[in-house]
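Take a look at the structure set out below.
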Amino acid sequence: MKRKLKLTVNNEPYEVFVKPSKTLIELLRDELGLTGTKEGCSEGMCGACTVLIDGKAVKSCLVLALQAQGKKVTTIEGLAQGDRLHPLQESFINHGAIQCGFCAPGMILSTKAFLDEYPNPTEEDVKFAIAGNLCRCTCATKVHER
Amino acid sequence: MKEFEYFSPQDVKEAYTLLSQYPEKAKIIAGGQSLLILLKQRLITPSYLIDIKGISDLDYVRYDDRDGLRIGALTTHRTLETLPVVRERFFMLAEMERRLASIQIRNWGTLGGNLCHGDPASDLAPPLIALKAEVKLTSAVGERMVQVEEFFEGYYETVLKSDEILTEIHIPVVLQGGGIYLKTSLRETDMALAGVATFIVLDSTKHKICEDVRIVMGSVGPTPLRATKAEELLIGEKIDDRLIEKAAQIASEDSEPISDVHASEEYKRQIIEVLVKHTVKEAITRARVTSHRSGGIPS
């Protein structure tokens, strides 16, 4: 039986009906059309599906959509202001920290949550902060340089 | 995932009622960081899912000098990692949390959920057992306290009954001693191939004789295992390198690892030997510099 779910995504309020077995990433991509969030492993290892719930990075493949009841969700689509990219997005582009780009939305959101909490990190801190985001091509070292 | 009916009780009483309404058919979900994987793989297919993640009454950490640390079951890993009272008085727990899975998992996953999952590779269980922690299991008809050491029965099996909820973790106060948890994993965020938690108490005058020690091995058996023979070897003795080597060998022999795709049984036994050596040495160092912080190091 579908259940009513109220939540805010990228500052927009939504009221939708979802099956209890829907994960948050399925809701975001399939119901709300926010396909910027990527699904990699589906079991919480890769971090590609990282979104923010109330400002904290979580893996949206391991959260039931209904567990986001009343929460504020931020996806990669929520960072840019109109045509102006978020400084972190600019920085990732300027440093060439993207090859295939599949891990980038998750990387950027993990980094954002981390920098919001610790504005002046060391390189070690940054490596630690994005340890939960795997990259299968070459961008990992470039991400650290940002 | 197979479809299920979903409930999100607002308090524990409502949760007990739901559990007793659907005996054996309902499953509790908290952070779901392990459970959702089992549901996706259809390893379990409950008809009813009772989501307790939103019950704020079970999200607390309280410290008292006489009573010790009481942690609500829905406390997240990240809270344990960052909370000052934990960092100051139970540093080995904060330190363990910092290397548990990834920050995303720690932000959403709960301590109660980790224990109830019953995975022998849990990073949380060995240090809790080393610190003589117990858990409170509550149902509609009452509650009982169980030592964390007695909580696990086998792979993914615990003594939790189908009408019970793990509601609290209690760690008694330890006035002196030092401890550490170390593990080896393939990548930083992977499950432990093997892990060892050691907590040691030295004599209070010369800090040389081992008065009490617990050595707990994770991921090398169906449940976390105490290295009791190694502990017995150390208790009452003045500890030197030769004795530590011996204890590490005995612990390794007493571990019960199985070969899997990640590592062979022999390799895991070697890891245990190395980790026991390192943790005992480091625990002694910490015990000598901390007379008042259980599992802590000076900040």
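Chains as they are written, first to last, in the working numbering: chain C, 1 to 146; chain A, 1001 to 1299.
We put the beta carbon where it would ideally sit given N, CA and C, even for glycine.
| Item | Value |
| --- | --- |
| Determine contact between the region 1141-1150 of chain A and the region 1029-1045 of chain A, defined as no fewer than three beta-carbon pairs at a distance below 8 Å. | no |
| Quickly, what does DSSP pair Ser1139(A) with across the bridge? List them, please. | Gly1142(A) |
| Going by the beta-carbon positions, is the gap between Asn1107(A) and Arg1078(A) smaller than 8 Å? | yes |
| List, in order along the chain, the chain A residues whose C-beta lies closer than 7 Å to that of Arg3(C)? | Tyr1006 |
| When the cut-off is 8 Å and only beta carbons count, does Gln67(C) lie next to chain A? | yes |
| Expressed to the nearest angstrom, what Euclidean distance is found between the alpha-carbon atoms of Glu1256(A) and Pro1222(A)? | 8 Å |
| Note down, in chain order, each residue of its chain lying with its Cβ closer than 6 Å to the Cβ of Ala140(C), except the 5 sequence neighbours on either side. | Summary for Ala140(C): the model assigns pLDDT 49, below 50, so the residue's position carries little reliability; its value from the coordinates is reported in the next sentence. Contacts found: none. |
| Name the residue from Gln69(C), Glu77(C), Tyr14(C), Cys135(C) whose alpha carbon lies nearest to the alpha carbon of Cys103(C). | Cys135(C) |
| Note down, in chain order, each residue of its chain lying with its Cβ closer than 6 Å to the Cβ of Phe114(C), except the 5 sequence neighbours on either side. | Ala129 |
| Out of Leu1100(A), Leu1093(A), Pro1120(A), Ile1055(A), which one is the CA nearest neighbour of Ala1133(A)? | Leu1093(A) |
| Which one or two residues does DSSP pair with Phe1152(A) in a beta bridge? | Thr1158(A) |
| Can the beta-carbon of Thr1017(A) be found closer than 8 Å to that of Ala1101(A)? | no |
| Examine chain A for any beta-carbon lying closer than 8 Å to the beta-carbon of Lys56(C), and answer yes or no. | yes |
| Any C-beta of chain A sitting closer than 8 Å to the C-beta of Val63(C)? | yes |
| Against chain A, does Thr74(C) count as a neighbour if the rule is that its beta carbon must be under 8 Å from one of theirs? | no |
| Per DSSP, what are the beta-bridge partners of Glu26(C) in this structure? | Note: Glu26(C) sits in no beta bridge, so no partner. |
| Just grab the DSSP bridge partners of Leu7(C) for me. | Tyr14(C) |
| How many angstroms separate the CA atom of Ala65(C) from the CA atom of Glu1164(A)? | 26 Å |
| Starting from the C-beta of Val1201(A), find all residues in its chain whose C-beta is less than 8 Å away, skip the five residues before and the five after it, and write them out in chain order. | Val1174, Gln1176, Gly1177, Cys1210, Glu1211, Asp1212, Val1213, Ala1287 |
| Go through the region 13-94 of chain C residue by residue and report every complete run of the beta strand (DSSP E) that reaches 3 residues or more, in order. | 50-53, 56-59, 72-74 |
| Examine chain A for any beta-carbon lying closer than 8 Å to the beta-carbon of Gly156(C), and answer yes or no. | Residue 156(C) lies beyond the residue range present for chain C, which begins at 1 and ends at 146; the question has no answer from this structure. |
| Should the region 1019-1028 of chain A be regarded as contacting the region 121-128 of chain C, the criterion being three or more beta carbon pairs within less than 8 Å? | no |
| Would you say the beta carbon of Ala1130(A) comes nearer than 7 Å to a heavy atom of the ligand PLP? | The ligand PLP is not part of this structure, which contains no ligands at all. |
| Using 10 angstroms around the beta-carbon of Glu15(C), count the other beta-carbons present and answer buried if the total reaches 16, otherwise exposed. | exposed |
| Quick check on Pro119(C) - is its C-beta less than 8 Å from some C-beta in chain A? | no |
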